[in-house]
Each structure stands twice: as C-alpha cells, then as structure tokens.
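Report on one structure; see the data block that follows.
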Amino acid sequence: MSNVTRKTNTSYVPWPTFEEIKEMFKEHFIMDRREDGVVTVRMHCNGGPLIWSMELHDAIGKMWRLLGTDRDTEMIIFTGTGNIWVTDFEAASWAPEGDNAGETRYSHMFVDGRRMIITMIQDVEVPTLGVLSGSGGHTELALMCDLAIAADDITVLDPHMLPGTNNVPGDGIHSCFFELMPARFAAWYLMTGDKMKAEDLVRLGLVSEVVPREKLMDRAYEIADMLMAQNRIARRLTTQLVRRNWKKRISDDLDMAFGTEMFGMFCADELHSELLSMIEYLGLEGKIDPPLKGKIR
Numbered sequence: 001m002s003n004v005t006r007k008t009n010t011s012y013v014p015w016p017t018f019e020e021i022k023e024m025f026k027e028h029f030i031m032d033r034r035e036d037g038v039v040t041v042r043m044h045c046n047g048g049p050l051i052w053s054m055e056l057h058d059a060i061g062k063m064w065r066l067l068g069t070d071r072d073t074e075m076i077i078f079t080g081t082g083n084i085w086v087t088d089f090e091a092a093s094w095a096p097e098g099d100n101a102g103e104t105r106y107s108h109m110f111v112d113g114r115r116m117i118i119t120m121i122q123d124v125e126v127p128t129l130g131v132l133s134g135s136g137g138h139t140e141l142a143l144m145c146d147l148a149i150a151a152d153d154i155t156v157l158d159p160h161m162l163p164g165t166n167n168v169p170g171d172g173i174h175s176c177f178f179e180l181m182p183a184r185f186a187a188w189y190l191m192t193g194d195k196m197k198a199e200d201l202v203r204l205g206l207v208s209e210v211v212p213r214e215k216l217m218d219r220a221y222e223i224a225d226m227l228m229a230q231n232r233i234a235r236r237l238t239t240q241l242v243r244r245n246w247k248k249r250i251s252d253d254l255d256m257a258f259g260t261e262m263f264g265m266f267c268a269d270e271l272h273s274e275l276l277s278m279i280e281y282l283g284l285e286g287k288i289d290p291p292l293k294g295k296i297r
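Encoded structure:
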C-alpha cells in the first residue's frame, strides 16, 4: 500500500443528490429510495394516473440519465399510478405541434422520444424492474426494463394504428414488441391495435409474471431484495450483459422507425392534441382508480 499523499490538480464535478433529483422531477415522478439504494419511480399527473404530455416526454430521458448514473442508486423500480398506464393526451401540452409542427416533431418528439428509450438502455448502470400497473399504451416504458411484471387486471395495447390515431408505431414500441414477441404476434399487435390481457403478456413473453394488484409492489420489492443480495459489481455488470440485445435493437431500429413515424404524421396531418382517449376502447369508463385529474382536452 502506498503512503504517498494523493493530491490532484482538479476535483470531481458534483452530481445532483437523490433529494435534488427527486425535487427536480416531482411534477412527473414520485420517487422513494430505500437505505440499500433501491429507488421506486412512479409516474403521475397531479398525484393521480398519468396524462401523456410533452413535458413528461422531455422529462423521462433526463430522469433515466440522472438517476441511472447516480452512484448511490443500486436499482430502479419503474411504475405508474393507479390502474391507468397511458390512455389520454393533454391537449394543451401538445398544442405547439399545431403552431410549429416541424420544430415540435423534431425537438420534442424525435429527439426527446428517442432519448427516453436510449437513456434507459444506454445510460443506466443498475438493474431496472418495470412494474406495469395499469391499462393503456406506451407500455415500452416498463417492458424495456431488464425485468418486468404486471398487475393481473390490466388490458394493454399499442394504439398507433387505431382509427382516430393513425400513427406509424415507430416510437419505441416497434423495437419493444419485435425484441420480445415472436415476429408474427408483434406485427399483429402493431398493425391492428388489438388488446392484450395480463395473461397474454406472459404468453407472449412481454413480462415474466402477473401478480394480483394488491400484491404487485410487494412482489416488486421481493425481486429487489433478491437482486440486492447479490454482489454489487457482478449485479451491475450482469445488467449490461442482459441489455446487449436491447442496445443492438435500438441501434438498428429506433432512429429509422421514429423518423418514419414523424414522416407519417406529416403525410396524415395528425396532431397529438386531437388524439382520442383510449378509455372507452379499453372498457374503463367509471373504472379508473384513482380518477384522472387535470384538463385533458
């Protein structure tokens, strides 16, 4: 062991603390961290189920980058609020698309949309567990985590090709379905908007198990306990090994698929502020717990 006093010319650049990160993202995510470094990130809107917004679209990639490279974070559990995942768009949030479609679709859709997928795969150094707690779309946010489980009472889908939406499914869900599902099933669910029940998610390889809603987070923490019992460095390195196929998939597919979706939106002249709610299609009228809050459209 050297007895030489170590003195360098420069200092490490400080990283935001967990409390600073938690405060920074509080409008979009409710975060809690256990003493062992397991962080739970829960999407919300005004404390209730998520309403998809351009502001959230921007925040997701930033959250993964800051939290995923924080040296005191050891695992991230990503989930939603209540029995809704993504079913509705906040019209006022997406209004700039109507005023300046080119800039909005480039900066806030193509750039932010790609980064929210790229960062969770490339920039996160710790294991991730997606807990798909609600019905709706944009399920890639949970399904592209290293591990994924789901509540037993949900219905999910990709709504891009449904009448009233008419968007190319290129914003990450394309990569997600083709990586996890057999190709024929991936094509079917992307092209038809067909619905999947919880048991279908296991059958198709999207999640490893479904859990009764009342036990969902208990199971998530059981999985966290199992992983946290492992050697820290081996656990982190194995995470990167497990992610290799995802890294190849997004490198090969994401830019092209997302660009195709943006081109399709110009051709179809569709606006996010005019997209239809999925509540009726999913059969969730009067069944949202807790109810959606805030102005949607």
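Throughout the sequence shown, residue numbering follows the working numbering, covering 1 to 297 in sequence. Just so you know, even glycine gets a beta-carbon here, dropped at the ideal spot from N, CA and C.
{"query": "Measuring straight from C-alpha to C-alpha, what distance separates Leu67 and Thr73?", "result": "7 Å"}
{"query": "Would a check of beta-carbon distances place Phe258 closer than 8 Å to chain B?", "result": "Absent from the structure is chain B; it holds one protein chain and no more."}
{"query": "So, with DSSP's three-state summary, where would you put Val86?", "result": "coil"}
{"query": "Exposed or buried, what is Glu140 when buried is set at 16 or more other beta-carbons lying within 10 Å of its beta-carbon?", "result": "buried"}
{"query": "In angstroms with no decimal places, state the Cα-to-Cα distance between Arg232 and Pro14.", "result": "23 Å"}
{"query": "From Tyr281, Lys293, Ile149 and Leu292, pick the residue whose C-alpha is nearest to that of Ile77; which is it?", "result": "Ile149"}
{"query": "Under 8 Å by Cβ, that's how I've got Val207 and Leu201 pegged, so tell me the actual separation to the nearest angstrom.", "result": "5 Å"}
{"query": "Look at the Cβ atom of His160, then the Cβ atom of Asp253, and state whether they are nearer than 8 Å.", "result": "no"}
{"query": "Can you check whether the CB of His57 is closer than 8 Å to the CB of Asp99?", "result": "no"}
{"query": "For Asp171, which residues from the same chain have a beta carbon less than 6 Å from its beta carbon, with the 5 sequence-adjacent residues on both sides left out?", "result": "Gly113, Phe258 and Glu261"}
{"query": "Which residue spans inside the region 189-240 form an unbroken alpha helix (DSSP H) run of at least 4?", "result": "198-203 and 216-228"}
{"query": "My guess is that Trp85 and Gly136 are in contact by the Cβ rule of under 8 Å, so how many angstroms apart are they, rounded?", "result": "4 Å"}
{"query": "Mapping DSSP to helix, strand and coil, what is Trp52?", "result": "strand"}
{"query": "Measure the alpha-carbon distance for Met63 versus Leu129 and round it to whole angstroms.", "result": "15 Å"}
{"query": "For the structure I just gave you, are there three or more beta carbon pairs, one from the region 233-249 and one from the region 115-123, closer than 8 Å?", "result": "yes"}
{"query": "Can you pull the DSSP bridge partners for Ser133?", "result": "None; Ser133 has no bridge partner."}
{"query": "I need the straight-line Cα distance from Glu19 to Gly102, nearest angstrom please.", "result": "36 Å"}
{"query": "If Thr81 sits next to Pro49, beta carbons under 8 Å apart, how far is it from one beta carbon to the other, in whole angstroms?", "result": "5 Å"}
{"query": "Could you give the DSSP three-state label for Asp123: helix, strand or coil?", "result": "coil"}
{"query": "Using 8 Å as the Cβ pair cut-off and three pairs as the minimum, do the region 178-192 and the region 220-228 touch?", "result": "no"}
{"query": "Just the Cα atoms here: how many angstroms apart are Phe29 and Ala91?", "result": "20 Å"}
{"query": "Starting from Arg33, follow the beta strand (DSSP E) in both directions and report where the run begins and ends.", "result": "Phe29 to Arg33"}
{"query": "What are the boundary residues of the alpha helix (DSSP H) that includes Leu275?", "result": "Looking at the DSSP string, Leu275 is not in any alpha helix (DSSP H), and its letter there is neither H nor E."}
{"query": "Going along the chain, which unbroken runs of the beta strand (DSSP E) with 3 or more residues stay wholly within the region 57-110?", "result": "75-79"}
{"query": "According to DSSP, simplified to helix, strand and coil, what is Arg42?", "result": "strand"}
{"query": "Would you report the Cα separation of Asp32 and Met43, rounded to the nearest angstrom?", "result": "12 Å"}
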